[in-house]
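Have a look at the structure below, then the notes.
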Amino acid sequence: MPGRRAVAALRRRLRGLAAATALLLAACGGGERPAPGPEGPPPLVVFAAASLTESMDAAARAYTARSGQAVQVSFAGSPALARQIAQQAPADVFVSADTDWMDWLQQRGLVDPASRSGLLGNALVLVAHVDDPAPEVALAPGVDLSPLLGDDGRLAVALTASVPAGKHARAALESLGAWPSVQPRLAETENVRAALLLVARGEAPLGVVYATDAKAEPRVRVLGTFPPDSHPEIVYPVARVAASRHPMAGDFVQWLGSPEAAAIFLDHGFVLR
Amino acid sequence: MLFTPEETTAIALSLKVAVAASLASLPLGIATAWVLARVDFVGKSLLDALVHLPLVLPPVVVGYALLVTFGHGGAAGRFLSEHLGISFAFRWTGAALASAIMGFPLLVRAIRLAIESVDRRLEQAAATLGANPLRVFFTVTLPLSWPGIVAGTVLAFAKALGEFGATITFVSSIPGQTRTLSSEIYGLMQAPGGESGIWRLAVVAVVISLAALLASEWLVRRQRRGERD
Chain A
479 MPGRRAVAAL RRRLRGLAAA TALLLAACGG GERPAPGPEG PPPLVVFAAA
529 SLTESMDAAA RAYTARSGQA VQVSFAGSPA LARQIAQQAP ADVFVSADTD
579 WMDWLQQRGL VDPASRSGLL GNALVLVAHV DDPAPEVALA PGVDLSPLLG
629 DDGRLAVALT ASVPAGKHAR AALESLGAWP SVQPRLAETE NVRAALLLVA
679 RGEAPLGVVY ATDAKAEPRV RVLGTFPPDS HPEIVYPVAR VAASRHPMAG
729 DFVQWLGSPE AAAIFLDHGF VLR
Chain B
41 MLFTPEETTA IALSLKVAVA ASLASLPLGI ATAWVLARVD FVGKSLLDAL
91 VHLPLVLPPV VVGYALLVTF GHGGAAGRFL SEHLGISFAF RWTGAALASA
141 IMGFPLLVRA IRLAIESVDR RLEQAAATLG ANPLRVFFTV TLPLSWPGIV
191 AGTVLAFAKA LGEFGATITF VSSIPGQTRT LSSEIYGLMQ APGGESGIWR
241 LAVVAVVISL AALLASEWLV RRQRRGERD
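Respectively, the protein sequence lines represent chains A and B. As numbered in our numbering, the first sequence has no gaps in its residue numbers, which increase by one up to the final residue, 751. As numbered in our numbering, the second sequence has no gaps in its residue numbers, which increase by one up to the final residue, 269.
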């Protein structure tokens with residue numbers, strides 16, 4: 479008898495497991511990942527900052543169409559990518575969202591200094607939800623953002639102590655004198671796109687993001703652009719990873735500076751440097 | 041000073057969130073475990089699978105689902121704040137809610153196993169002696185499942201302490217409200233030179249989790265000794 483009961487219990491468990499798996503599969507949907515063919519060179523692996531998501535995908539496609547070389551782009555926050563490269567992650571090219579992390583890798587001899595260049599620039603903007611009737615804001619010294627935040631609204635930004643977009647936002651708000659009033663009202667996110675999402679979903683009335691982020695999200699509206707001299711210059715440096723043995727890595731880095739690539743980045747709202 | 045003020049705030053907040061999450065989900069956890077252990081009904085496998093879902097889903101998915109449902113714009117979030125005055129968005133209660141959901145499968149699993157191992161004949165004996173089902177549950181089933189309830193609560197507490205993905209997606213990282221120990225460690229990892237802080241807080245996380253596990257072990261052993269005496 480106990481044996482039969484155990485079998486029945488086991489069968490119940492397995493049914494539960496099967497149902498969980500089915501639900502999981504339904505929740506996941508189909509994923510696709512380009513597998514390299516058995517012949518031909520391995521794909522070029524590019525580690526790129528999260529704020530480059532759409533533009534670097536487009537650039538990678540254009541490069542593949544031109545050279546036949548497959549490119550795989552891995553997007554994450556620059557700090558996570560830099561730390562992965564320091565742990566011998568198999569990256570060939572690194573595009574960072576700020577100079578600090580590229581410097582950090584260069585000091586450790588992990589990127590090729592000769593290949594490094596300050597590829598792109600960006601602007602910092604104040605955004606609101608597209609349905610928000612708030613007027614445009616002149617982001618000049620002495621600007622007060624608290625009326626726009628209301629009684630309990632929050633200002634969505636990336637982590638102001640560490641993430642590049644957050645650090646720039648803090649510097650800009652500080653130099654305009656708005657920092658003391660908004661500091662207790664921040665909602666800090668792990669990357670700039672998460673801050674963008676909070677504004678797009680109407681969870682936070684205001685956010686500080688890059689101009690390129692605002693351009694990629696139809697549910698937000700730009701209320702104002704921070705003056706370029708209110709924060710350190712926003713630079714996206716690119717370099718070849720020193721440990722990379724991929725024959726096309728140097729060529730790809732050079733191509734990123736070509737007019738063909740520049741057109742793609744301009745189209746996505748970046749500034750050329 | 042051993043810790044910076046930010047670190048102390050994060051540690052205290054994490055303890056508050058983890059205690060609230062594990063204790064608040066306990067009644068529902070016991071009820072769910074009892075239903076799964078003792079009642080047969082159509083759709084039981086589905087309930088079982090749903091309970092386990094947070095264990096297998098990516099935490100960001102849970103966080104996003106919470107943001108969409110319990111945020112300012114979500115249906116449940118609007119209902120709760122308008123009618124009951126309860127708000128989760130960007131508050132520590134939201135961090136506790138996210139942690140509670142992520143720890144719920146662990147809580148239910150441990151308690152369910154404990155209830156299943158309670159001898160049904162003891163419950164039947166109590167019933168023949170005139171105890172109603174509620175009394176049977178509170179005087180026989182519940183005390184005998186005590187070790188599982190303690191183990192489940194400690195697991196849920198430890199999970200809540202370590203929860204990161206769902207919390208930061210749902211309620212972001214606000215000092216004193218939602219910047220928990222995990223969030224603070226993550227923030228330090230984003231800055232070059234944050235290593236010493238990472239190590240200090242990692243040790244704190246290990247110490248708290250170990251203390252919780254040892255305390256549960258001690259509680260269960262004391263209870264067993266009490267039963268023998």
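Glycine included, C-beta positions come from ideal geometry on N, C-alpha and C.
Residue j beta carbon less than 8 Å from that of residue i
{"i": "leucine 675/A", "j": "leucine 626/A", "result": "no"}
{"i": "tyrosine 541/A", "j": "glutamine 547/A", "result": "yes"}
{"i": "valine 194/B", "j": "serine 256/B", "result": "yes"}
{"i": "glutamate 203/B", "j": "serine 222/B", "result": "yes"}
{"i": "valine 148/B", "j": "glutamate 163/B", "result": "no"}
{"i": "leucine 633/A", "j": "glutamate 668/A", "result": "no"}
{"i": "serine 574/A", "j": "alanine 527/A", "result": "yes"}
{"i": "valine 91/B", "j": "proline 145/B", "result": "yes"}
{"i": "valine 523/A", "j": "proline 568/A", "result": "yes"}
{"i": "phenylalanine 43/B", "j": "leucine 107/B", "result": "no"}
{"i": "threonine 690/A", "j": "glycine 747/A", "result": "yes"}
{"i": "methionine 580/A", "j": "valine 589/A", "result": "yes"}
C-beta neighbour in chain A for residue i, strict 8 Å
{"i": "glutamine 164/B", "result": "no"}
{"i": "isoleucine 238/B", "result": "no"}
{"i": "alanine 71/B", "result": "no"}
{"i": "leucine 147/B", "result": "no"}
{"i": "leucine 254/B", "result": "no"}
{"i": "phenylalanine 128/B", "result": "no"}
{"i": "glycine 170/B", "result": "no"}
{"i": "leucine 107/B", "result": "yes"}
{"i": "glycine 113/B", "result": "yes"}
{"i": "glycine 227/B", "result": "yes"}
{"i": "serine 213/B", "result": "yes"}
{"i": "glutamine 230/B", "result": "yes"}
{"i": "isoleucine 272/B", "result": "Residue 272/B lies beyond the stretch modelled for chain B, which goes from 41 to 269, so this question has no answer here."}
is_contact[residue i, chain B] using C-beta, thresh 8 Å
{"i": "glycine 685/A", "result": "no"}
{"i": "arginine 586/A", "result": "no"}
{"i": "arginine 632/A", "result": "yes"}
{"i": "leucine 604/A", "result": "no"}
{"i": "alanine 639/A", "result": "yes"}
{"i": "glycine 628/A", "result": "no"}
{"i": "glycine 680/A", "result": "yes"}
{"i": "alanine 665/A", "result": "yes"}
{"i": "glycine 702/A", "result": "no"}
{"i": "leucine 676/A", "result": "yes"}
{"i": "aspartate 576/A", "result": "no"}
{"i": "proline 591/A", "result": "no"}
{"i": "glycine 555/A", "result": "yes"}
Residues of its chain near residue i, where Cβ-Cβ distance is below 8 Å and the 5 sequence neighbours each way are ignored
{"i": "glutamine 584/A", "result": "Pro591, Arg594, Ala717"}
{"i": "arginine 751/A", "result": "Gly596, Leu597, Leu598, Gly599, Val713"}
{"i": "alanine 618/A", "result": "Leu654, Pro705"}
{"i": "alanine 649/A", "result": "Ser708, His709, Pro710"}
{"i": "cysteine 506/A", "result": "Interpretation of cysteine 506/A is limited by its pLDDT of 46, a score under 50 that renders its predicted location unreliable; the figure taken from the coordinates is listed afterwards. If we look at cysteine 506/A and ignore the five residues flanking it on each side, it has no Cβ neighbours."}
{"i": "glycine 631/A", "result": "Arg663, Ala682, Pro683, Leu684"}
{"i": "lysine 199/B", "result": "Ser139, Met142, Gly143, Leu146"}
Counted within 10 angstroms of its Cβ, other Cβ atoms place residue i as buried (16 or more) or exposed
{"i": "valine 719/A", "result": "buried"}
{"i": "tryptophan 258/B", "result": "exposed"}
{"i": "phenylalanine 81/B", "result": "exposed"}
{"i": "tryptophan 239/B", "result": "exposed"}
{"i": "valine 670/A", "result": "buried"}
{"i": "proline 99/B", "result": "buried"}
{"i": "glutamine 566/A", "result": "exposed"}
{"i": "threonine 168/B", "result": "exposed"}
{"i": "proline 521/A", "result": "buried"}
{"i": "serine 736/A", "result": "exposed"}
{"i": "glutamine 230/B", "result": "buried"}
{"i": "serine 157/B", "result": "exposed"}
{"i": "arginine 160/B", "result": "exposed"}
{"i": "glutamate 666/A", "result": "buried"}
{"i": "glycine 620/A", "result": "exposed"}
{"i": "alanine 537/A", "result": "buried"}
{"i": "serine 435/A", "result": "Lying before the first or after the last residue shown, residue 435/A is absent from chain A, which here runs from 479 to 751."}
{"i": "glutamate 510/A", "result": "For glutamate 510/A, the predicted structure reports a pLDDT of 36, less than 50, and the residue's modelled location is therefore unreliable. A value from the coordinates is still provided. It is exposed - the Cβ of glutamate 510/A has fewer than 16 other Cβ atoms within 10 Å."}
{"i": "aspartate 745/A", "result": "exposed"}
Sequence-distant residues of the same chain with beta carbon closer than 6 Å to residue i, five excluded per side
{"i": "methionine 479/A", "result": "With a pLDDT of only 41 at methionine 479/A, under 50, the local geometry of the prediction cannot be trusted, and the value read off the model is given with reservation. Correct list: empty, nothing qualifies."}
{"i": "valine 190/B", "result": "Ser256, Leu259, Val260"}
Proximity test, Cβ basis, 8 Å: residue i and chain C
{"i": "tryptophan 657/A", "result": "Judged by its chain identifiers, the structure shown contains no chain C, and its protein chains are A and B."}
7 Å CB neighbourhood of residue i in its chain, flanking five on each side removed
{"i": "alanine 733/A", "result": "The displayed chain sequence assigns tryptophan, not alanine, to residue 733/A. Only Tyr541, Ala739 meet the Cβ criterion."}
{"i": "glycine 587/A", "result": "Ala720"}
message: Restricting to runs no shorter than 3 residues, where is the beta strand (DSSP E) found entirely within the region 188 to 213 of chain B?
response: Correct list: empty.
task: Quick one: which unbroken beta strand (DSSP E) runs of 3-plus residues sit fully inside the region 621 to 704 of chain A? Chain order, please.
output: Restricting attention to beta strand (DSSP E) runs no shorter than 3 residues, the region 621 to 704 of chain A encloses them at 633 to 636, 664 to 667, 684 to 688, 698 to 703, ordered along the chain.
- request: Mind listing, in chain order, the continuous alpha helix (DSSP H) runs of no fewer than 4 residues lying wholly within the region 518 to 601 of chain A?
  value: Those alpha helix (DSSP H) runs which fall completely within the region 518 to 601 of chain A and span 4+ residues are 531 to 545, 556 to 564, 577 to 585.
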